[in-house]
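Numbers 125 to 488, taken from the working numbering, label the letters of the sequence shown in order.
From the three backbone atoms N, C-alpha and C, an ideal C-beta is built for every residue, glycine too.
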Amino acid sequence: MVTAWFTDLPALAQHLREELETKRFVLLYAYNGTGKTRLSVEFKNLGKNDDERDTLYFNAFTEDLFHWDNDLKNDRERVLKINRDSRFFSGLGELEMDNRIRPLLNRYADFDFRIDTTEWEVSFSREVPSGATTTMVEDIKVSRGEENIFIWCFFLAIVQLALDGDEAYKWVKYIYVDDPISSLDENNAIAVANHLAQMLTQSDKGPRVIVSTHHVLFFNVLCNEIKNKAHRHFLKNGAALGSYSLLDTTAKPFLHHLATLVELHEVQVSGALYTHHFNMMRRAMEQTANFFGLEDWKACIKAADDDPEKTLYKRIIDLMSHGDYSLYEPREMMEENKAHFRTIFRQFIAGHPFNPALFPSEAK
């Protein structure tokens, strides 16, 4: 695998534009804090020419185009305000965006919405049980996670317009997606990645696309779906401050389970452990067992001294990796389960010949 080195983000962004001359997609995997969002901004800035733009992007700044008016005076009519000055909303008044967004949102959510193109605001509603029937509750404030999925579906509706060559989005030559939804559990990571790949590959024509993410399974699904149409890279910080390295993984399968283990190592050290991390650990064990030719993932568990049958750890992993965990509100583990997770994880990596450099704080 080839590694390229870049002294700063503008140089890296220019390199990605050059790569998109030969393939339609670039897929980037990088750990949080590497600079993915800043890279998306630099990429966008390279396409600025006075008032002209060439990149439709989704990143942390996209969410800032929306803000809440919570009606503090009356505490009744809560609406999500839209920044009317952004080119992101070029076709909002003419293109019946409600009807374009709703089928996308229905894949992920149980609330409805209405866009007011006069006041540039969105109001939300939801059906709630009321005796034997249901009642529609208007002007609700959706959760932060539900707001994020609405904005994501808004973006997808615009992407579809750009792919279709709609006049309002003729300016879009590049689409840049950076970590579309945070805290995805594994099932939803597969669903969102699969849906995005289907949309982007429905035609061989259209804007060139970059997707960057810290979510290993999301990245892996995109790699499998887009396959030979994409350059695939592992983005890391370089040795010098502000520099970057780009490891080309196009010709070799991305080692998903190793990247997963690095991520799990980091969260168990920090304490930011959520229930879906048990899903991730079990998946890594399954891949490890397959690699070593073991009977199944349970063979990767080291028995506790007082539990030679490994029943406790197997039961914990089974229970914690089969729940219906929310896309919007990931559940933080209780302290007892965090302790179990750390014990199982540390015994797992210590009992298999992984490179200890992957887990620096575990090395003694």
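Cutoff 6 Å; reference residue i; Cβ partners in own chain excluding five residues on either side
i	result
A317	F342, V345, L346
I314	V345
A292	S214, G215
K422	K438
E262	S249
Y232	I273
Residue i burial status per 10 Å Cβ neighbour count (16 or more: buried)
i	result
Y449	With a pLDDT of only 45 at Y449, under the threshold of 50, the placement of this residue in the model should not be trusted; the figure read from the coordinates follows. So Y449 counts as buried.
H191	exposed
S327	exposed
D234	exposed
K160	buried
T127	exposed
P304	buried
F415	exposed
A364	exposed
A375	exposed
D302	buried
R208	exposed
Per-residue DSSP class, three states only, for residue i
i	result
E251	strand
K360	strand
S267	coil
D178	coil
H191	strand
I299	strand
L136	helix
R148	coil
I350	helix
N101	Nothing in the structure corresponds to residue 101, since the chain is present only between 125 and 488.
E220	coil
K426	coil
I473	helix
N183	coil
S164	helix
L436	helix
E387	helix
A128	strand
S485	helix
Beta-carbon separation (whole angstroms), residue i vs residue j, contact threshold 8 Å
i	j	result
S210	L189	5 Å
F274	F182	No, F274 and F182 are not in contact; Cβ-Cβ is about 13 Å, not under 8 Å.
E245	I282	With 8 Å as the limit, E245 and I282 do not qualify as a contact, their Cβ atoms being about 18 Å apart.
Neighbourhood of residue i by C-beta, 8 Å cutoff - its chain only, sequence neighbours within 5 removed
i	result
E453	Here E453 scores only 49 on pLDDT, less than 50, and its place in the model should not be relied on; the value that follows carries that caveat. The residues are S267, G269.
E387	Y155, H338, V340, M404
D290	G215, L219
A321	V345, L346, E349, I350
K488	Residue placement at K488 is flagged as unreliable, the pLDDT there being 41, under the threshold of 50; a coordinate-derived value is accordingly withheld.
Residue closest to residue i, alpha-carbon to alpha-carbon, out of the options
i	options	result
Q411	V252, D175, H476	H476
L114	T146, R148, E145, T158	Any property of residue 114 remains undetermined from this structure, which presents the chain solely from 125 to 488.
S249	M457, W295, R200, R231	R200
D193	V203, D178, L180, A184	V203
L324	E419, T127, I299, L359	I299
L152	R356, M457, G330	R356
C277	L228, T259, M260	L228
F185	E166, V261, N198	E166
L359	G417, R162, F237	R162
W295	K168, R406, N461, A363	K168
Y437	L418, F478, F465	F465
S445	K426, E143, K197, M409	M409
R470	E460, Q138, L385, A135	L385
H319	G395, N230, K297, L382	N230
L180	P134, D240, F478, V333	V333
Residues near residue i by beta carbon distance below 7 Å, same chain, minus five either side
i	result
G366	D132
S254	none
D420	A413
G362	W129, Y368, S369
M457	L397, Y398, T399, F465
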